[in-house]
Amino acid sequence: MNTIILLLCFTLFTTGFEGIGLVLGKVEYFNGWNIIGTFISYLIAYFIIYGYYLSLVKHHVLKD
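Take the sequence shown: its letter number 59 is residue 59 in the UniProt record's numbering, and every next letter is one higher.
Shown next as structure tokens:
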């Protein structure tokens with residue numbers, strides 16, 4: 001599977017899970033934060049983690 005599609009799927013899943021918590025009243029947003037900001041922050045975090053993984057593979061700390 002294409003890595004970008006997989007990262008988008010993980011982002012949609014985690015954002016959706018948080019969205020459920022928002023609807024159920026278990027999550028509250030403040031200071032203008034919203035579900036779109038949540039999606040973007042998760043997406044950026046997953047790309048950073050993936051970049052770190054690629055760096056570890058490149059330097060043979062992890063095997064591909």
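Where a beta carbon is used, it is the ideal one built from N, C-alpha and C, also for glycine. Every value quoted in this text rests on a predicted model; they were computed, and no experiment measured them.
{"Check": "Pairwise C-alpha distance: Ile-20 and Asn-34", "Outcome": "13 angstroms"}
{"Check": "Straight-line Cα distance separating Glu-28 from residue 66", "Outcome": "For residue 66 there is no data in the structure shown, the boundaries of the chain being 1 and 64."}
{"Check": "Test item: CB-CB of Thr-3 and Tyr-42 under 8 angstroms", "Outcome": "no"}
{"Check": "Boundaries of the alpha helix (DSSP H) in which Val-23 is found, first to last residue", "Outcome": "3 to 23"}
{"Check": "Cβ pair Phe-47, Leu-7 closer than 8 angstroms", "Outcome": "yes"}
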